[in-house]
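Input: a single structure, listed below in structure tokens.
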Amino acid sequence: MGYYGSVSRSRFHSLILASAALGMVIFSLLTVRHFFAANFPETIFSGSFYDLSAFFNCDSSAYSPIAQLMGVPLGYFGIAAGVFFFFGLLFPSPAMTRTMQTLALVNFLGVISLFMYSFFILNSICLLCLGYYVFSTLAFLSLGKIAHSSSLRKLKSFFSPSLKITMAALILLLAGAYGYHQFYQAKLAAQQGGVAAQIVREFYSLEKVPNPSFISPFWTAKATEKFEEAPIHIVEYADFLCPDCLYLFYQLEQLKKEYPGQLNIAFQFFPLEGKCNQVVDKDLHSGACDLSYIAAYGQEKFLAIHDEIFRNFKKARNPEWRQKLAQKYGVEEALTDESTHQLVQKIINTGAEYEKTSARYPHGIRSTPTIIINNRMIIGTLPYPHLKAIVEALLQEKEGESESLQFLENWVERK
């Protein structure tokens with residue numbers, strides 16, 4: 003009997019560990035890819051593909067404060083862990099096994115912490131992250147079975163890594179992390195340079211679309227009485243329980259601060275809930291219709307309610323919180339008021355006026371957020387530097403400063 007016990011048992015658990023390591027690497031690569039795609043899109047036409055609902059979505063994770071550490075995406079450490087397990091299987095030794103067991107324990111504790119953070123803080127789970135959690139747990143369990151010694155010695159082996167192997171692995175880990183850090187910094191720089199210029203070009207290549215036949219009377223910014231007279235006029239199709247809409251909310255708040263008196267923004271209710279939205283076949287956000295009714299009941303109270311909902315995004319999913327919100331603003335009747343329901347329905351139905359932008363859905367407004375900036379439609383969100391670049395280009399065009407594409411050269415300098 004060798005170090006790993008019987009040959010058959012050794013092969014079985016090694017196969018399980020190899021499968022787990024492969025799964026860890028694959029799902030980590032996917033999370034890293036999604037992190038950069040979500041935070042650093044290189045085209046106006048890119049989007050996210052891992053969101054099933056407000057709870058099962060990866061954008062919340064990609065935008066969270068712990069998605070990266072000094073520019074190094076968290077998924078990189080998962081890749082490194084999976085690769086280390088493969089290396090340990092290729093070059094087995096007692097010292098290597100102990101080190102793998104220590105790594106598996108640390109990784110497993112990290113997985114538990116991340117799951118709790120996602121569940122209780124973000125109130126959402128990324129399916130890509132969940133895949134990594136499952137394979138990490140499998141790796142931890144398989145390494146616990148590899149040792150054939152007594153339970154006490156098996157437990158001690160999880161806390162007895164080889165110092166030499168650990169130091170060598172840490173050096174390689176830091177080298178790879180530095181590479182990702184440099185890549186992250188390059189991405190940041192590109193967002194405010196060539197990529198932003200490309201985004202503006204693509205924006206101007208979009209065909210113009212008309213504003214909806216009925217523009218919502220609920221505005222979050224007002225520069226002029228007539229909607230289209232503002233230098234920048236934005237129709238915002240949004241859902242109060244949509245994570246990307248929360249992201250856009252903070253972007254628009256920043257735009258309003260930087261460009262006072264320049265923006266008209268109409269909030270076009272588009273809750274992705276079958277209870278009130280028949281324009282698109284999605285029933286993702288239970289409670290989104292009720293939040294729309296509450297916000298629409300009194301126009302003079304809309305902005306305060308709108309802001310409070312987004313600033314309490316996690317709480318807004320709770321029916322009791324929604325009831326207290328209605329009571330706070332004295333709009334309890336909104337949930338049963340037929341005229342309010344009809345008004346919200348009228349706004350939602352304008353989403354059916356646009357030509358389809360996907361073979362899967364019959365109408366152009368098919369997801370949230372969708373914004374129409376000066377009659378050009380953008381589906382999804384952009385990094386703030388890109389959104390600002392578009393606004394700068396439009397303002398310079400209004401001021402007659404760009405007869406061609408001059409704005410691509412100087413939009414960054416504008417204050």
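Take the sequence shown: its position 188, counted from the start at 1, is 190 in our numbering, and no numbers get skipped.
We treat Cβ as the ideally placed atom computed from N, Cα and C, and that holds for glycine.
Fair warning: this is a prediction, and the values are worked out from it, not measured in the lab.
Residue span of the alpha helix (DSSP H) that contains residue i, given as start and end
i    : result
T104 : 96-118
I349 : 340-351
T226 : Here T226 belongs to no alpha helix (DSSP H), and DSSP marks it neither H nor E.
Q305 : Looking at the sequence shown, residue 305 is not Gln but Leu. Unbroken alpha helix (DSSP H) run through L305: 304-313.
A293 : Rather than Ala, the amino acid found at residue 293 in this sequence is Leu. Run containing L293: 290-298, per the alpha helix (DSSP H) assignment.
V393 : 386-400
S63  : 61-64
E322 : 321-330
Through-space distance from residue j to residue i, alpha-carbon basis
i    : j    : result
E399 : G112 : 51 Å
F86  : M102 : 8 Å
Y52  : F89  : With a pLDDT of only 43 at Y52, under the threshold of 50, the placement of this residue in the model should not be trusted; the figure read from the coordinates follows. The straight-line gap from Cα to Cα measures roughly 31 Å.
G366 : G276 : 17 Å
E322 : L143 : 41 Å
I46  : R324 : 35 Å
Q329 : G84  : 52 Å
E411 : P387 : Any reading at E411 must be qualified, since the residue scores a pLDDT of 45, below 50, and its modelled position is unreliable; no value is offered.
T226 : A192 : 35 Å
I1   : F220 : Residue 1 is absent from the structure shown; the chain starts at 3 and stops at 417.
T372 : G382 : 6 Å
A97  : M118 : 32 Å
S162 : A170 : 16 Å
D1   : K326 : Because residue 1 is not part of the residues shown, which for the chain are 3 to 417, the question remains open.
A22  : G77  : 15 Å
R1   : F185 : Residue coverage of the chain in this structure runs from 3 to 417, which leaves residue 1 outside it and unanswerable.
F137 : S63  : 19 Å
L175 : L165 : 15 Å
S152 : L145 : Residue placement at S152 is poorly supported in this model, since its pLDDT is 46, which falls under 50; the coordinates still yield a value, given next. S152 and L145: Cα-Cα distance of roughly 14 Å.
Q256 : Q200 : 22 Å
Opposing strand residues paired with residue i [DSSP bridges]
i    : result
I373 : E238, I380
P43  : Its beta-bridge partners do not exist; DSSP assigns none.
Q194 : Bridge partners of Q194: none, in fact.
M71  : Before going on, a small fix: residue 71 reads as Leu here, not Met. DSSP lists V74 as partners of L71.
W221 : A268
I127 : F58
heavy atom of the ligand PLP below 7 Å from residue i C-beta
i    : result
H287 : Inclusion of the ligand PLP in the displayed structure is not the case, the ligand content being empty and no account of it being possible.
Reference residue i, options the options, closest by Cα
i    : options                : result
G263 : L130, P96, A223, Y186  : A223
M379 : A225, R313, L248, I236 : I236
T271 : Q256, A23, G382, T370  : In the sequence as presented, Thr is not what sits at residue 271; that position holds Phe. That would be T370, whose Cα lies nearest to the Cα of F271.
A232 : Y134, P219, L265, F251 : L265
P214 : P75, L384, A268, S16   : A268
P273 : L250, V346, Q253       : V346
K358 : A290, N377, V281       : V281
Q187 : I392, F38, Q344, G300  : F38
T338 : A318, L286, L293, K317 : L293
F242 : A391, A336, K158, I296 : I296
L19  : A106, I201, K189, L172 : A106
Enclosing beta strand (DSSP E) for residue i [first to last residue]
i    : result
Q264 : Run containing Q264: none; DSSP gives neither H nor E here.
Burial state of residue i (16 or more Cβ within 10 Å)
i    : result
R100 : buried
M72  : exposed
G402 : exposed
I114 : exposed
G195 : exposed
D246 : buried
A298 : buried
I68  : exposed
N314 : exposed
S341 : exposed
Q70  : buried
F122 : exposed
A177 : exposed
S207 : exposed
S95  : exposed
D61  : buried
I307 : buried
R368 : buried
Cβ of residue i within 8 Å of any chain B Cβ
i    : result
I373 : Reference to chain B is not applicable here, since this structure consists of a single protein chain.
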